[in-house]
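In the working numbering, the protein residues as written are 6 to 442. Heads up, the beta-carbon is just placed ideally off N, CA and C, and yes, glycines get one too. Small disclaimer: the values here were computed from a predicted structure and weren't measured.
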């Protein structure tokens, strides 16, 4: 009897609730601890408008991702969607943006925020050499742990989600009794450019849905699970973020815009001195957990690119003892540390947000291409109502937000995207030439 061994396939075990909670886990990070002040500095009492814009954008983009996820059932999330819609070149650019803008720049923003918060609470830490040492030690420690093969199980993931969400949810519920309604009133509409710029910063704290969708190859019945999981995640995230902004604004008032630790300051008003310390501890755990989880997963993108020859093949080396992509982890960690040391939280937020916005733009328009090519995963494909309206509106909001950036910010985003596209283009051409000979 002739038997053929089939390669192992990913198990489809992720349901709507699990996907939704994973979206929340990967989205709610330390950025929320600084966001209320950044948005208030741009829009004042009308800060909630930035959340309205981001809520509308993520609602539209979420529907596009839901349809793309129901049509493309393979692993990779946005990378898989872009590849199926526009081919390997567009997919490669989106994949590279995933590790650089959505990963390395995001980690740099997170650790900058963590140090800024800690130094505000403990002023003796506010020295440049301590900042460099702190960031170097954190990244080196997390990288070493991951190289040695640390894996995060479901229980730890749930625990980190609770650590992130529960303190903030308690602050929102208790803080509602301390809010001064007069601090929430606004009568003038800020300039559209200001709303757009503030929305780009706010967008950073909504990022994470794309990372959760990278497990699309393990989702049960994608046509049903992906839309429902996205809806669950976005509803939880939007409710929490708006609540935190309103409590911070309603308790701190005019002092909010100048606060280095707005959520911690609001907690001190609501709970007293112990509340501020509790939120600082939650911030440290949340930031550390995000960085640890990212250094565990994102280097695998570099590893895969190295395996395919789209990066130097040495990046795909496996540690002989621990069986981990040690070179990819080390390279990725060095990039994260360099970005963190060279830039501030807000600069890294803009760089990260702009890169992911471009990925969202490609994938939103990709829905139209997937429809035209008739690509489906099963017979129950989820189709966004309204024909091309939702993808086009999503693309329009993204272009407007990108256009609202200042010239230096636009230049930084362009250079980042151009560098990624150049690297991918050169390696793709080299691979094509070697295969033809």
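DSSP three-state assignment for residue i, whether helix, strand or coil
i	result
residue 68	helix
residue 385	coil
residue 23	helix
residue 408	helix
residue 212	coil
residue 279	helix
residue 325	coil
residue 234	helix
residue 312	helix
residue 413	helix
residue 263	coil
residue 194	coil
residue 380	coil
residue 391	coil
residue 33	coil
residue 423	helix
residue 52	coil
residue 367	helix
residue 317	coil
residue 76	helix
residue 303	coil
residue 225	coil
Proximity test, residue i beta-carbon vs the ligand NAD heavy atom, cut-off 8 angstroms
i	result
residue 192	With respect to small molecules bound, the structure shown includes none, and the ligand NAD cannot be examined in it.
Nearest neighbour of residue i, chosen from the options [CA to CA]
i	options	result
residue 362	67, 283, 278	67
residue 106	431, 371, 344, 427	344
residue 209	23, 396, 365, 26	365
residue 271	407, 252, 289, 62	252
residue 87	368, 411, 399	368
residue 118	405, 74, 142, 291	291
residue 116	295, 316, 92, 125	295
residue 326	56, 98, 152, 174	152
residue 72	330, 93, 235	235
residue 187	257, 233, 198, 179	257
residue 394	404, 411, 370	370
residue 226	83, 75, 419, 42	75
residue 377	61, 27, 89, 83	89
residue 260	41, 29, 25, 60	41
residue 185	244, 143, 142, 274	274
residue 190	149, 45, 128	45
residue 37	304, 316, 207	207
residue 21	231, 404, 246, 388	231
Limits of the unbroken alpha helix (DSSP H) element including residue i
i	result
residue 41	40-48
residue 270	267-276
residue 182	Neither: residue 182 is in no alpha helix (DSSP H) and is coded neither H nor E.
residue 347	331-347
residue 88	83-91
Interface flag, residue i vs chain B, CB-CB below 9 angstroms
i	result
residue 119	No chain B appears in this structure, which consists of one protein chain only.
- Item | In chain order, each beta strand (DSSP E) run of at least 3 residues that lies wholly inside the region 99-180 | Qualifying beta strand (DSSP E) stretches: none in this window.
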